[in-house]
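Asker:
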Ligand SMILES: NC(=O)c1ccc[n+]([C@@H]2O[C@H](COP(=O)([O-])OP(=O)(O)OC[C@H]3O[C@@H](n4cnc5c(N)ncnc54)[C@H](OP(=O)(O)O)[C@@H]3O)[C@@H](O)[C@H]2O)c1
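Residue numbers (full-length UniProt numbering): 1 to 318.
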């Protein structure tokens, strides 16, 4: 009896990797899940669903090699290392090297971030663009995957702002008082729309790509589902949770002066940038994403799907 194909999923305890692992398992494939901590609830859940856990971090080439043996595809979701601008590229290279050595890998999928590559345009306007290092790191990882000679197919998926940023622990980065005081304060205003994506949709995209490699071959796809401003986001959170969220629209110049929180400066400069340059899909990019026929969860749908996490963030009993 031949067994079903196996896929290696990195960041498997996270939102994106977890959704990819669960979707592949649900479809009857075997999953090698790379995790840092096998005792984490998300790792245990995947194990109970049939995934084989490989324990190690992205700098551990040995574990990555072992986890790649016999797999047909690899999902790479590198994580930014703010102490090393080349960190994500080095991570991607370890997966590519392991894939080449395994000899069984036909498809590599890399997840980066919306408009990686076109950020060069922003740099031409402002060489001090606040997300310069972030995008440099993502672009370098993409270059590694594009040059993964020896592996037949590669695909790059670029998710937009994740809905999950409104739930703890992710909310702590941009909205530090949301989980403590039900306050959403932001140097961005309440009217500027920006494009959102559900991290949990990554599972559908990765499965579709692994199952139709020729269709997704050498494709670089911007992933966004719905454009929302922060006022709309807050109203949605209030509607589903039944509690009031206080909003504070802050002056970016004042936020930038706050030295008590290391994220204040980047948050302020990014907000100014978002207002001036926009953060959305072009109509062509919307059409391209839709043309694949892969689900793109709307905000309303996400509010229902992640209701438990929203309740937890806002300290509402279920
Ligand atoms: N937030 C956004 O709006 C947004 C938008 C577009 C793209 N992105 C990108 O999406 C990525 C995060 O994906 P996600 O949303 O799935 O985040 P997540 O839920 O925080 O998951 C991150 C995963 O990566 C693992 N991980 C982190 N550093 C690692 C390391 N050094 N070695 C091994 N595993 C490591 C984590 O393991 P543990 O469980 O052990 O921590 C976890 O499984 C980032 O690269 C980010 O830049 C984010």
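Just so it is clear, CB atoms sit at the ideal spot from N, CA and C, and this is done for glycine as well.
If you reduce the DSSP assignment to three classes, tell me which class residue 174 lands in.
Answerer: In the structure shown, residue 174 sits in a helix (DSSP, three-state: H, G or I).
Asker: Is there at least one non-hydrogen atom of ligand 1 closer than 7 Å to the beta-carbon of residue 166?
Answerer: Incorrect: residue 166 has no Cβ contact closer than 7 Å to ligand 1.
Asker: Between residue 174 and residue 165, which are expected to be in contact by the criterion C-beta below 8 Å, what is the C-beta distance as a whole number of angstroms?
Answerer: Going by Cβ atoms, the distance from residue 174 to residue 165 rounds to 6 Å, so yes, they are a contact pair.
Asker: Roughly how many angstroms separate the alpha carbons of residue 234 and residue 245, rounded to a whole number?
Answerer: Taking the straight line from one Cα to the other gives about 7 Å.
Asker: Would you call the segment 288-300 and the segment 194-209 in contact, with 3 or more CB pairs under 8 Å?
Answerer: Segments in contact, yes.
Asker: Could you tell me the distance, in whole angstroms, from the CA atom of residue 187 to the CA atom of residue 97?
Answerer: C-alpha separation (whole angstroms): 42 Å.
Asker: Expressed to the nearest angstrom, what Euclidean distance is found between the alpha-carbon atoms of residue 35 and residue 12?
Answerer: Taking the straight line joining both Cα atoms gives about 6 Å.
Asker: If I follow the unbroken beta strand (DSSP E) through residue 228, where does it start and stop?
Answerer: Unbroken beta strand (DSSP E) run through residue 228: 226-228.
Asker: Taking the alpha carbon of residue 313 as the reference point, which residue from 275, 243, 269 has its own alpha carbon closest?
Answerer: Measuring from the Cα of residue 313, the nearest candidate turns out to be 243.
Asker: Have a look at 308, 155, 226, 259 and flag the residue whose alpha-carbon is nearest the alpha-carbon of residue 218.
Answerer: Cα-wise, what sits closest to residue 218 is 155.
Asker: Starting from residue 186, follow its DSSP beta bridges and name the residues at the other end.
Answerer: According to DSSP, which records beta bridges pairwise, residue 186 is partnered with 249.
Asker: Residue 138: buried (16+ other C-beta within 10 angstroms of its C-beta) or exposed?
Answerer: The residue in question, residue 138, is buried, as its Cβ has 16 or more Cβ neighbours within 10 Å.
Asker: In the DSSP output, what is residue 153 paired with across the bridge?
Answerer: According to DSSP, residue 153 bridges with 107.
Asker: When the Cα atoms are used, what is the spatial distance from residue 212 to residue 107?
Answerer: In a straight line, the C-alpha of residue 212 is about 10 Å away from that of residue 107.
Asker: How many whole angstroms separate the CB atoms of residue 119 and residue 67, which I take to be in contact at a CB cut-off of 8 Å?
Answerer: Not confirmed; about 31 Å, so no contact.
Asker: Per DSSP, what kind of secondary structure is residue 115 in: helix, strand or coil?
Answerer: Residue 115 falls in the coil class under three-state DSSP.
Asker: To the nearest angstrom, report how far apart residue 269 and residue 252 are at their CA atoms.
Answerer: Approximately 7 Å, taken between the alpha carbons.
Asker: Is the beta carbon of residue 114 within less than 7 Å of some heavy atom of ligand 3?
Answerer: In terms of ligand content, the structure shown lacks ligand 3 and carries ligand 1 instead.
Asker: Let me know the secondary structure DSSP gives residue 36 once reduced to three states.
Answerer: It is coil, neither helix nor strand.
Asker: Kindly list the residues whose CB is nearer than 6 Å to the CB of residue 202, restricted to its own chain and excluding five residues on each side of it in sequence; keep chain order.
Answerer: Closer than 6 Å at the Cβ level, and outside the excluded window around residue 202, lie 16, 19, 20.
Asker: Measure the alpha-carbon distance for residue 27 versus residue 112 and round it to whole angstroms.
Answerer: So the alpha carbons of these two residues sit roughly 24 Å apart.
Asker: Quick one: give me the first and last residue of the beta strand (DSSP E) that residue 7 is part of.
Answerer: Segment 6-9, the beta strand (DSSP E) holding residue 7.
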